[in-house]
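Student: Before anything else, here's the structure in question.
2 protein chains.
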Amino acid sequence: MAKSVLGRGTARARVLEAALAKFAEHGVSGTTLQMIADSIGVGKASVYYQFRSKEDIVAAAAQPMFDDMARVVTIAEAISDPDARREVTISGFLEFSVRHRRLSAVLARDPALESLVQSREDLTEIVDRFTNLLIGDGTRPEGRILISFVTHGIYGSVTDKALEDVSDEELHRTLLAVAQQLTRKAPHFE
Amino acid sequence: MAKSVLGRGTARARVLEAALAKFAEHGVSGTTLQMIADSIGVGKASVYYQFRSKEDIVAAAAQPMFDDMARVVTIAEAISDPDARREVTISGFLEFSVRHRRLSAVLARDPALESLVQSREDLTEIVDRFTNLLIGDGTRPEGRILISFVTHGIYGSVTDKALEDVSDEELHRTLLAVAQQLTRKAPHFE
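Going line by line, the protein sequences match chains F and A.
The letter at position 124 of the first sequence is residue 124 when you use the numbering used here, and the numbering goes up by one with no holes.
The letter at position 157 of the second sequence is residue 157 when you use the numbering used here, and the numbering goes up by one with no holes.
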């Protein structure tokens, strides 16, 4: 039994890896299950055995990123000081964005990720709680603009093709310094 | 003659306005010339009389933004000090991004704008010169990361639906302060 479970796990990982490579090349909408099957030299039925649909593949690929987001949300929600809470949320976001930068780059300009979140209540809830940690209810326009700037700045540079040659470590270190410079003791949130 | 030119100009502007509204609602790829014609109560032939294709409409809508970019490029290229040149380029980018924020929001997640730039040599040249002003040849990774962060931060917040209630003035003022805080006397460029 252990062997068949492992076998399935390995086959799934292989399909997932091949799918991400195809998504990166043709976008999610430009990729078919047949193209994924062809690229690893198996029949379409073998792909169907692992995933019911392309949406299912996107969901499986994105799950580790949402697990990380859920972890950041749990940690940050336990902090009572609003400034410390925001700082932890941003540094957590930066950490998992860099770690999943290849996936993020693939999905950044694709509506597939947004559709996935909208179709799944558990993901919508995590994203809402994450957003709430960043913005909350009483934040003035300046604070909301700053948060939008920082999160788009992080996401945009992490998925920037022009920065593909930069190492994860360098990207993380530089972005953390920049984000902290902007959000620590920021008068925008007072 | 003056009258017919004015007449054509007004009809063009009306089609353009209707097209942008439809693009905002359904995306560029989800909009047909028929939908645009229907929304202003004219036949499809009247739309065709003004624009040969949807791509032609996107090009006409985006032209003022590229004109502004060309102006920023001309001004910035005349400055010899690298730091001052970068600062003018960023503040110019911020200025025209806020001014064209409705158009930017419509086209932000659409491949139409990228296709347009790639299909037109004059636009490719302007975008390349603009990028070169920001990054140049000798910028270290830290500097490239910072520029990517700032430009994505500006573009992302200007096109952020959650900030639609914020006035252009407030958006411009806050983003300018943030961008200047990051790029003035930045050791990243040394």
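The C-beta atom is built at its ideal place from N, Cα and C for all residues, glycine as well.
Which word fits Arg184 of chain F, buried or exposed, when buried means at least 16 other C-beta atoms lie within 10 angstroms of its C-beta?
Tutor: Your numbering for residue 184 of chain F matches position 184 in the first sequence. With fewer than 16 other Cβ atoms within 10 Å, it is exposed.
Student: Taking Leu163 of chain A as part of the alpha helix (DSSP H), name the residues at either end of that continuous run.
Tutor: Within the second sequence, the letter at position 163 stands for residue 163 of chain A. Here Leu163 of chain A belongs to no alpha helix (DSSP H), and DSSP marks it neither H nor E.
Student: Which residues of the segment 137-149 of chain F have a Cβ closer than 7 Å to any Cβ of chain A? Give them in chain order.
Tutor: Pro141, Glu142, Arg144, Ile145, Leu146, Ser148, Phe149
Student: Can you name, in chain order, every residue of its own chain whose Cβ lies under 7 Å from the Cβ of Ala18 of chain F, other than the five neighbours on each side?
Tutor: The sequence position of residue 18 of chain F within the first sequence is 18, counting from 1. Contacts found: Ile36, Ser39, Ile40.
Student: By the criterion of Cβ-Cβ separation under 7 Å, what are the contact partners of Ser119 of chain F in chain A?
Tutor: Position 119 of the first sequence holds residue 119 of chain F. Chain A residues near Ser119 of chain F: none, gap ~18 Å exceeds 7 Å.
Student: Could you tell me the distance, in whole angstroms, from the CA atom of Leu163 of chain F to the CA atom of Leu94 of chain A?
Tutor: Counted from its first residue, the first sequence places residue 163 of chain F at position 163. Counted from its first residue, the second sequence places residue 94 of chain A at position 94. Their backbone Cα atoms lie some 22 Å apart in a straight line.
Student: On the premise that Ser157 of chain A lies in contact with Phe149 of chain F, defined as a C-beta separation below 8 Å, what is that separation, rounded to the nearest angstrom?
Tutor: Here residue 149 of chain F refers to the residue found at position 149 of the first sequence. Here residue 157 of chain A refers to the residue found at position 157 of the second sequence. The Cβ separation is near 5 Å, so the contact holds.
Student: Three Cβ pairs or more, each shorter than 8 Å: is that satisfied between the segment 105-119 of chain A and the segment 171-182 of chain A?
Tutor: No contact exists between the segment 105-119 of chain A and the segment 171-182 of chain A.
Student: Looking at the ligand PLP, does it come within less than 7 Å of His172 of chain A, judged from the CB to the closest heavy atom?
Tutor: Looking for the ligand PLP in the displayed structure turns up nothing, as the structure carries no ligands at all.
Student: Residues of chain A with CB under 7 Å from Arg109 of chain F, in chain order?
Tutor: Working through the first sequence from its first residue, we reach residue 109 of chain F at position 109. The contacting residues are Arg109.
Student: In chain A, what lies closer than 9 Å to Leu171 of chain F by C-beta?
Tutor: Translated into the one-based positions of the first sequence, residue 171 of chain F becomes position 171. Ordered by position in chain A, the residues that pass the 9 Å Cβ test against Leu171 of chain F are Pro141, Ile145.
Student: Do you know offhand how far Gln180 of chain F's Cα is from Arg102 of chain A's?
Tutor: The residue you call residue 180 of chain F lines up with position 180 of the first sequence. The residue you call residue 102 of chain A lines up with position 102 of the second sequence. Between Gln180 of chain F and Arg102 of chain A, the C-alpha separation is close to 30 Å.
Student: Can you tell which of F:Arg144, F:Leu133, F:Asp168, F:Val166 has the C-alpha that lies nearest to the C-alpha of Thr74 of chain F?
Tutor: One-based indexing of the first sequence puts residue 74 of chain F at position 74. If we check each option's Cα against that of Thr74 of chain F, F:Leu133 comes out closest.
Student: Label Asp128 of chain A either buried or exposed according to how many other C-beta atoms from any shown protein chain fall within 10 Å of its C-beta, with 16 as the threshold for buried.
Tutor: Counting from one through the second sequence, the residue named residue 128 of chain A turns up at place 128. Flag for Asp128 of chain A reads exposed.
Student: So what does DSSP say about Val5 of chain A, is it helix, strand or coil?
Tutor: In the second sequence, the residue the question calls residue 5 of chain A occupies position 5. At Val5 of chain A, the pLDDT of 46 sits below 50, so the modelled position is not reliable; the number obtained from the coordinates is stated separately. Helix.
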